[in-house]
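In the working numbering, the protein residues as written are 222 to 530.
Below, the structure is given as structure tokens:
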């Protein structure tokens, strides 16, 4: 019997490898080819007739000044760009990837069209976020079998599937008796982490949900204030005597490290805490707030937020 979460994991892997993925919605199905991991030859195999349209996020469409068209004006909704004769793979790459915005400032004209299967299109953008790739696809109708249902993606992201994989004592500056706990699901490649500071006092602990930020947390980037926020939270926990840091592996507010660096390349200011937020808006990889549910799941269930085990 098929495991929906594993089916979603296979689809995520396929997107990263530049393979087509079929997605089923309430009113039909679509097949998508990720622009980032594809190439001209794969596009020719996928769409020999040159009729596949381009699917983007609403945020990216807004950056391209398409929000004045009704079919591109709904916030957080997928946007379908009708295929034009000049819209080959190279043009689609420039359309999808903001790091080329300065080099290719003139794009279009574009025509936004209604999305035939909106929930399946939204699922494609959701898979892009999970896969850490640009939310941009060539898209066409799909009439075959075996399309991935949206419920499979829900199963893959179900925070209830998280389980403790390992735990150990980890002396840190904030607390020499700190304990680190790693959580993961059977399908996901990364792990979420909880750091327990101090000892239970009988009162609820101070809790911080912190999204992973390699550039700010580890490298001291001046483009964000993630590192100082992290250290301030740990210091507050030490002062209080009891706290839990929930370190969520969703780099750059869920857009992924590579996508964050792509967007960073567009900004020349050496120091501003708004850069990561601007990068996320520039790319608009749809970040589900359900991701934060993973942190609450760790705290309330596996750790027992009052007693931490």
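The beta-carbon is built from N, C-alpha and C at its ideal position, and this holds for glycine as well.
(request) Starting from the Cα of residue 241, find the closest Cα among 448, 360 and 371 and give me that residue. (result) 360
(request) Report the rounded CA-to-CA distance for residue 464 versus residue 390, giving the unit in angstroms. (result) 15 Å
(message) Beta-carbon within less than 6 Å of residue 442's beta-carbon, same chain only, minus the 5 sequence neighbours each way: which residues are those?
(response) 436
(request) Output the distance between the C-alpha atoms of residue 430 and residue 454, rounded to the nearest integer angstrom. (result) 10 Å
(request) Look up residue 302 in the DSSP assignment and say whether it is helix, strand or coil. (result) strand
(request) Look up residue 370 in the DSSP assignment and give the residues it is bridged to. (result) 245
(request) With DSSP collapsed to three states, give me the class of residue 393. (result) strand
(request) For my contact list, residue 367 and residue 235 are in at a C-beta cut-off of 8 Å; report their separation, rounded to the angstrom. (result) In fact, because the Cβ distance is near 12 Å, the residues do not count as touching under 8 Å.
(message) Could you compute how far the alpha carbon of residue 261 sits from the alpha carbon of residue 458?
(response) 53 Å
(request) Determine the direct distance from the alpha carbon of residue 255 to that of residue 316, and round the result to whole angstroms. (result) 13 Å
(message) If you follow the beta strand (DSSP E) that residue 237 is in, where does it begin and where does it stop?
(response) From DSSP, residue 237 is part of no beta strand (DSSP E) but of the alpha helix (DSSP H) over 225 to 238.
(request) Compare the Cα-Cα distances from residue 374 to each of 466, 365 and 229 and report the closest residue. (result) 229
(request) Pick helix, strand or coil for residue 530, following the three-state DSSP scheme. (result) For residue 530, the predicted structure reports a pLDDT of 49, less than 50, and the residue's modelled location is therefore unreliable. A value from the coordinates is still provided. Three-state result, residue 530: coil.
(request) For the alpha helix (DSSP H) holding residue 351, just list the boundary residues, first then last. (result) 339 to 352
(request) Go through its chain and collect everything with a Cβ distance to residue 364's Cβ below 8 Å, but skip five positions before and after it. (result) 250
(request) Tell me whether residue 479 sits in a helix, a strand or coil according to DSSP, three-state version. (result) helix
(message) Along the chain, where does the beta strand (DSSP E) containing residue 319 start, and where does it finish?
(response) Careful: residue 319 lies outside any beta strand (DSSP E) and carries neither H nor E.
(request) Compare the beta carbon distance of residue 336 and residue 301 with 9 Å and say whether it is the shorter of the two. (result) yes
(request) Could you check what DSSP says for residue 468 in three-state terms: helix, strand or coil? (result) strand
(request) With hydrogens ignored, establish whether the beta-carbon of residue 261 is closer than 8 Å to any heavy atom of the ligand NAD. (result) The ligand NAD is not part of this structure, which contains no ligands at all.
(request) Identify the continuous beta strand (DSSP E) that holds residue 405 and give its terminal residues. (result) 400 to 405
(request) Measure the C-alpha to C-alpha separation of residue 225 and residue 462 and round it to an integer number of angstroms. (result) 43 Å
(request) Name, in chain order, the residues that DSSP records as bridge partners for residue 419. (result) 463
(request) Could you say which of 245, 258 and 407 lies nearest to residue 238 if we only look at CA atoms? (result) 258
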